[in-house]
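To keep things clear, I will list the structure first and then write my remarks on it.
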Amino acid sequence: MDRIHIRNFSIIAHIDHGKSTLADRLLLHTGAITKREFRDQILDDMELERERGITIKARAVRLFYKDYVLNLIDTPGHIDFTFEVSKSLAAVEGVLLLVDAGQGVEAQTVTNLFMALERNLTVIPIVTKIDLTNADRERAARELKKLLDIDEKDILYASAKTGEGTDGILEAIINRIPPPSGLKENPLSALIFDSVFDTYKGVIVYLRLMDGAVKVGDRVKMMRVGKTYEVEEVGIFNPRPEKVAVLEAGGVGYITCNIKDVADVRIGDTVTLEKNPTSEPLPGYRDVKPMVFCGLYTSDTKSFPELREALSKLKLNDASFVYEPESSASMGFGFRCGFLGLLHMDIIRERLEREFDLDLIITAPNVVYEITKTDGAVLLVENPAKFPESTQIQEMREPFIRADLLLPTEFMGAIMKLCQDRRGIYKRTEYIDPTRVLLIYELPFSEVVLDFYDKVKSLTRGYGSLNYDFIGYHPAELVRLDILLNGEPVDPLSSIVIKEKARDRGKFLVEKLKSVIPRQLYQVAIQAAVGANVIARENISAMKKNVTGKCYGGDITRKRKLWEKQKEGKKRMKKVGHVNLPQEAFITILKVE
Numbered sequence: 001m002d003r004i005h006i007r008n009f010s011i012i013a014h015i016d017h018g019k020s021t022l023a024d025r026l027l028l029h030t031g032a033i034t035k036r037e038f039r040d041q042i043l044d045d046m047e048l049e050r051e052r053g054i055t056i057k058a059r060a061v062r063l064f065y066k067d068y069v070l071n072l073i074d075t076p077g078h079i080d081f082t083f084e085v086s087k088s089l090a091a092v093e094g095v096l097l098l099v100d101a102g103q104g105v106e107a108q109t110v111t112n113l114f115m116a117l118e119r120n121l122t123v124i125p126i127v128t129k130i131d132l133t134n135a136d137r138e139r140a141a142r143e144l145k146k147l148l149d150i151d152e153k154d155i156l157y158a159s160a161k162t163g164e165g166t167d168g169i170l171e172a173i174i175n176r177i178p179p180p181s182g183l184k185e186n187p188l189s190a191l192i193f194d195s196v197f198d199t200y201k202g203v204i205v206y207l208r209l210m211d212g213a214v215k216v217g218d219r220v221k222m223m224r225v226g227k228t229y230e231v232e233e234v235g236i237f238n239p240r241p242e243k244v245a246v247l248e249a250g251g252v253g254y255i256t257c258n259i260k261d262v263a264d265v266r267i268g269d270t271v272t273l274e275k276n277p278t279s280e281p282l283p284g285y286r287d288v289k290p291m292v293f294c295g296l297y298t299s300d301t302k303s304f305p306e307l308r309e310a311l312s313k314l315k316l317n318d319a320s321f322v323y324e325p326e327s328s329a330s331m332g333f334g335f336r337c338g339f340l341g342l343l344h345m346d347i348i349r350e351r352l353e354r355e356f357d358l359d360l361i362i363t364a365p366n367v368v369y370e371i372t373k374t375d376g377a378v379l380l381v382e383n384p385a386k387f388p389e390s391t392q393i394q395e396m397r398e399p400f401i402r403a404d405l406l407l408p409t410e411f412m413g414a415i416m417k418l419c420q421d422r423r424g425i426y427k428r429t430e431y432i433d434p435t436r437v438l439l440i441y442e443l444p445f446s447e448v449v450l451d452f453y454d455k456v457k458s459l460t461r462g463y464g465s466l467n468y469d470f471i472g473y474h475p476a477e478l479v480r481l482d483i484l485l486n487g488e489p490v491d492p493l494s495s496i497v498i499k500e501k502a503r504d505r506g507k508f509l510v511e512k513l514k515s516v517i518p519r520q521l522y523q524v525a526i527q528a529a530v531g532a533n534v535i536a537r538e539n540i541s542a543m544k545k546n547v548t549g550k551c552y553g554g555d556i557t558r559k560r561k562l563w564e565k566q567k568e569g570k571k572r573m574k575k576v577g578h579v580n581l582p583q584e585a586f587i588t589i590l591k592v593e
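To convert, note that position 58 of the sequence shown is 58 in our numbering; the numbers rise steadily by one, no gaps.
Take a look at the structure:
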């Protein structure tokens, strides 16, 4: 097809503002699916996405409307999956910016909009969910008008649930979004924006063709890796995979080349022809730095090879996830994994357990700290085991983020108190309108990563929203907090904490662990320690057995002998006994008060 009749676009919005629902409606309206096939979240084909009601992975689908081909790449909205959004935006010329008529402009709306404007993409503003009883079209339109500095007549109104406004959206896509600029006569230059592993076909590579064309039988080259392959299948998503004869400039689809080594395909790489290559690779994507790290181990050490293979396959279509091998004295061999946030970590864990049938143990999450040693060396420490001795440390710094909190004015006091309790530095307040305010704080990332977002939602009755950006490292007093069971350190339970909060954190952990560790035949001491100093302790009393139950009256010395014998036995067991930690003990570390 002539590129003049091709439009490539994405849908961006804050979480729960109706991206997936609008995508469903567009598929139904253009005939990509029938009414019989229609179901909610049809592009969210991962079981986890449907259960949680969120989009995790970007999805590509080709739509046919009038004489035009519309390539839609659906995107997630949650802050942890911003990288998925950036991947999609690199493959399109325009975006649909959705704003919920009941909620108005939210923090992630602004972030995604700026990402689109940075790439000079055409933005089509749409007020959605106009069928809701609490919909305020005028307020949402005013906020959009102020945000984009546009005429109100440029704003579209729609309800993805009822279908109202769908024709207007499709016409706007055709009339406002420019066609792709590439030419099929040029050498092949295609961006890899995603990939998945198939047992029978190998790696399936998702492409956006900037220039040139690709067909079955072509010899293609991955420019960053330098390896060449023969194309075995070319196809599009409609929304299911459908083979085609050729993919040309401006098109979005997939190729398979019987690639068995997942490391040969990297998201952001450029695919070109071996015989007629393009002169230089596409810019690709900026490397994403993980912000949260934890250890992943299997409960059965024999499953380590399966875990390694599963991680390599997940890494294939999630470039924001990193991992490297590590070993633990108490847990055996595992991996140190990096994530963009706690939800990202939770999703990866669940996918490993469901898709690869692994029984996992996850250790305490940590952010990355920057430490300057006395010899001048600078370390990035994400693992408590690598935390240097205090005598070797010259300066310690922790990561800070700039948090944009958008919320109704009535909740300002509660959110400001929350930020102050989390060591936040107040920057400024911006009033969006008389009822909504934007609070800007600088916060330690370690205070945000665990439960801050949940607290914001809870304190604002669900109306508050959060977006954050990493801004650098600030000086901090840090210590390594160890957990000991009967004097033996349990390294997966270790964490790096702020010195002033170490005692409270240690006290909380030992009390919580006492409630989840089962009683043994001997007393178990749970201690929290900083270096050689024990700062909190709890005891789990031994299971009692009435050894004198069969003694009826008579000499008391007989009972005393039995009690002494039992006491010696308990001492002996305490020396050789091993406390088995249930999974709840590790999950406890994730929960803070």
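Backbone N, C-alpha and C fix where the C-beta goes; we use that ideal spot for every residue, glycine too.
- In the structure shown, the three-state DSSP call for T166 is helix.
- In this structure, DSSP gives S312 a helical state, which the three-state scheme calls helix.
- With a 10 Å radius around the Cβ and a threshold of 16 neighbouring Cβ atoms, G168 comes out exposed.
- Shortest Cα-Cα distance from V479 to any of K386, V110, E306, K565 involves K386.
- With respect to the 8 Å criterion, R208 and L191 are classified as neighbours on the basis of their beta carbons.
- DSSP places S299 in the coil class of the three-state scheme, outside both helix and strand.
- Rounded to the nearest whole angstrom, the C-alpha separation of D357 and T256 is 26 Å.
- The three-state reading of DSSP puts P178 in coil, since its state is none of H, G, I, E or B.
- According to the DSSP assignment, A213 belongs to the beta strand (DSSP E) that extends over 213-215.
- Nearest in C-alpha terms to S465, of all of A13, A502, Q392, is A13.
- Taking a C-beta distance under 8 Å as the contact criterion, P290 and G338 qualify as a contact pair.
- Per the coordinates, the alpha-carbon of P125 lies some 15 Å from the alpha-carbon of A160.
- The alpha-carbon separation between L485 and L521 amounts to approximately 15 Å.
- With respect to E232, R219 sits apart: the two C-beta atoms are not nearer than 8 Å.
- Contact annotation, I471 with I401: C-beta distance approximately 6 Å; criterion of less than 8 Å satisfied.
- In the DSSP assignment, I126 forms a beta bridge with L98, L156.
- In this structure, the CA atom of V265 is about 44 Å from the CA atom of E488.
- Three or more beta-carbon pairs separated by less than 8 Å link the stretch 88-107 to the stretch 125-143, which places the two stretches in contact.
- The alpha helix (DSSP H) runs lying completely inside the stretch 209-296 and spanning 4 residues or more number zero.
- CA-CA distance, V123 to V456, rounds to 29 Å.
- Taking all protein chains in view, the Cβ of T374 is surrounded by fewer than 16 other Cβ atoms within 10 Å, so the residue is classified as exposed.
- Membership of G506 in the alpha helix (DSSP H) is indicated by the continuous run 502-516.
- If you compare the alpha carbons of G531, A135, L360 with that of T391, the shortest gap goes to G531.
- Contact between L481 and A528 holds, with the beta-carbon distance rounding to 6 Å and staying under 8 Å.
- Of the other Cβ atoms in all chains shown, fewer than 16 fall within 10 Å of the Cβ of Q394; this residue is therefore exposed.
- In the structure shown, I150 adopts coil according to DSSP, grouped into three states.
- Here V510 has I526, A528, A536, E538 as same chain residues with Cβ atoms under 6 Å from its own Cβ, once five neighbours each way along the sequence are excluded.
- In this structure, the CA atom of I361 is about 32 Å from the CA atom of L459.
- Under the DSSP definition of a beta bridge, N8 partners with N71.
- Within a 10 Å sphere around the beta-carbon of I556 sit fewer than 16 other beta-carbons, which makes this residue exposed.
- Exclusion of the five residues before and after F293 leaves R336, C337, G338, F339, P365, N366, V367, V368, E382, N383 as the residues of its chain whose Cβ lies within less than 8 Å of its Cβ.
- Nearest in C-alpha terms to Q523, of all of R119, M543, V378, is M543.
- In the DSSP assignment, H344 falls within the alpha helix (DSSP H) that extends over 342-355.
- The C-alpha of G94 lies about 31 Å from the C-alpha of V262.
- Non-local C-beta neighbours of R428 in its own chain, meaning closer than 6 Å and more than five positions away in sequence, comprise I440, ordered along the chain.
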